Amino acid sequence: MTATASADETGAVRTSHPAAPLSFTPAPGAAPAPRMILAQAAHEVRLMLRNPEQLLLTIVIPALMMVLFAGESLIATDGPGKRIDFYAPGLFGAAVLSTAFTGLAIATGFERRYGVLKRMGATPLPRWGLIVAKALCVLCVEAIQVALLSVIALAMGWKPHGDPLAVVLLVVLATATFAGLGMLMAGTLRAEATLGLANFVFLLLLAGGGVIIPLSKFPSGVRHVLDALPISALTNGLRDVLQHGAALPWANVGILAAWAVAAIAAAARTFKWE
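Here it is as structure tokens:
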């Protein structure tokens, strides 16, 4: 480019230079980690809620169980009071179990089989970010479940007691436990084996974890074993708080915390992404 000269009214010569052309330099890079995690979590929630099988497992079945078992005298409950006061906390536990364990294990198992996890490993989202996103997805779906079940229970005459923060702590610890167990199963077994085993364990824990059948109905020797299960600790703790208005049930919190540490550690050591 060349400069041009021009004279003004006084005769002075001024030299003007043309403007330099604009230059655009690409600046590729990943978005901040929190933004990627939130975007992935929102995507995971949409996928789960759009899947008819997952929707049946996480939303429809717990709601039907609430109406069926709380409304009909199919199984005798512990002590006096309304049936809904016994079944509402138990079915909250069933909802957490269905989402954090069964649903997460099955979905992750098939993602691993079809190479989704392998392809995700090539994206800027770190693997720990994917795990955090899945955990956020589970918590979001659980919030929807608990809200729906609470509306149904309140319509059926449920009157909760206790400290909501104690309920939140129990649910968070149980979610960590069941998510760890689900990832452990999905990361070590074939997808078809995970599908069958996760559903089988879900049914076993419903029957033996105090969700539907009171643990007092079992022999004393068996009950001591069942009391140590994470689903039993969750349902017992929720009933202590919501049904009996107790303070934070430290024994059940301790059981869930121990299970959470063991499950997450085992999943971290054995999980295979491909």
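In case it helps, full-length UniProt numbering puts the sequence shown at residues 1 to 274. For each residue, glycine too, the CB sits at the ideal point set by N, CA and C. Quantities reported herein were computed from a predicted structural model and do not represent experimental measurements.
#1: Between L38, G115, A30, which has its C-alpha nearest K272's C-alpha?
#2: Assuming A267 contacts L184 under a Cβ cut-off of 8 Å, what Cβ separation, rounded to an integer in Å, is found between them?
#3: Return the CA-CA distance between R50 and I84, expressed in angstroms with no decimal places.
#4: Note down the Cα distance separating S220 from S232, rounded to an integer number of angstroms.
#5: Counting only runs of 4+ residues fully inside the segment 89 to 152, write out the alpha helix (DSSP H) ranges in chain order.
#6: Report all residues from its chain with a CB closer than 8 Å to the CB of E274; omit the five preceding and five following residues, and keep chain order.
#7: Whose C-alpha, out of I131, L56, P164, is nearest the C-alpha of T102?
#8: Of all the options L242, A228, G187, L169, which has the alpha carbon lying nearest to the alpha carbon of W259?
#9: Tell me whether K217 sits in a helix, a strand or coil according to DSSP, three-state version.
#10: So, using beta-carbon positions, are G182 and L130 closer together than 9 Å?
#11: Alpha helix (DSSP H) containing I255: first to last residue?
#12: Answer with buried or exposed for R35, where buried requires no fewer than 16 other C-beta atoms within 10 angstroms of its C-beta.
#13: Quick test of your reading: L173 and V253, contact by CB under 8 Å. State the CB separation rounded to the nearest angstrom.
#14: Could you tell me whether the Cβ atoms of A88 and L242 are closer together than 9 Å?
#15: Please report the distance separating the alpha-carbon of H224 from that of A176.
#16: Using the Cα positions of P52 and N199, report the straight-line distance between them to the nearest angstrom.
#17: Can you check which of these residues, Q40, A179, L203, is closest to G109 by C-alpha distance?
#18: Counting C-beta neighbours from all protein chains within 10 Å, is the total for P62 16 or more, i.e. buried, or is it exposed?
#19: Does S98 pass the burial test, meaning 16 or more other C-beta atoms within 10 Å, or should it be called exposed?
#20: What residue from A193, A262, V96, A30 has the CA that sits closest to E122's CA?
#21: In chain order, what residues of the same chain lie with their CB nearer than 6 Å to the CB of L195, ignoring the 5 residues before and after it?
#22: Give the DSSP-derived three-state secondary structure of S171 in the structure shown.
#23: Rounded C-beta distance between I152 and V45? I'm assuming under 8 Å.
#24: Identify whether H223 lies in helix, strand or coil by the three-state DSSP scheme.
#25: Grouping DSSP H, G and I as helix and E and B as strand, with all else coil, what is I231?
#26: In whole angstroms, give me the CA-to-CA distance for R269 and L203.
#27: Please report how far the alpha carbon of W250 lies from the alpha carbon of H244, in whole angstroms.
According to the structure shown:
#1: G115
#2: 4 Å
#3: 30 Å
#4: 15 Å
#5: 104 to 113, 116 to 120
#6: R112, G115, L117, K118
#7: L56
#8: A228
#9: helix
#10: no
#11: 250 to 270
#12: exposed
#13: 7 Å
#14: yes
#15: 23 Å
#16: 16 Å
#17: A179
#18: buried
#19: buried
#20: Reading off the sequence, residue 122 comes out as Ala, not Glu. The shortest C-alpha separation from A122 is found at A30.
#21: I106
#22: The sequence given here has Val at residue 171, not Ser. Note: V171 maps to helix in three-state DSSP.
#23: That belief does not hold up - the Cβ atoms of I152 and V45 are roughly 22 Å apart, past 8 Å.
#24: Correcting the residue type first, residue 223 is Arg in the shown sequence and not His. It is helical.
#25: helix
#26: 27 Å
#27: 15 Å
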